[in-house]
Amino acid sequence: MNEEDLDWLVYHHLLDDPCQGVETLAGKTGCSTTEIGESLRRLEKSMLISQDADGCRVLSVQEVLLQCQSRYDPHAPFTIEGGVIRMKKGPD
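The C-terminal residue of the sequence shown carries number 1462 in my numbering, and the numbering is unbroken.
And the structure:
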């Protein structure tokens, strides 16, 4: 299975049942935990999911928009660090 197909499959498994771990997703997809881990990293880098100790979940449209603005808009008044929104420090 190519990377895009695996990412699509993993994403849809997370839509159906959020907060699944790597082992559960590996069992459902028939892929190795290494492949699932790589897929989850790609999905998180693409700002489609969020990972934490409890598992993974799909981000809402609002969360995706905030992540994109934080990452790509140099004039955004905030940053997102570890899931926490922080105001940027401006010149005093």
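All C-beta atoms, glycine included, are put in the ideal place defined by N, C-alpha and C. Bear in mind that the values here come from a model prediction, so they are computed numbers and not experimental data.
DSSP places G1391 in the coil class of the three-state scheme, outside both helix and strand. In this structure, the alpha-carbon of T1449 lies about 10 Å from that of K1459.
If one requires a minimum length of 4 residues, the alpha helix (DSSP H) runs lying completely within the region 1417-1450 are 1431-1442, in chain order. For D1387, the closest of C1426, G1400, Q1421 by C-alpha to C-alpha distance is C1426. Separation of G1452 and Q1390 (C-alpha to C-alpha, rounded to the nearest whole angstrom) is 19 Å. By the 16-neighbour rule on beta-carbons within 10 angstroms, V1380 is buried.
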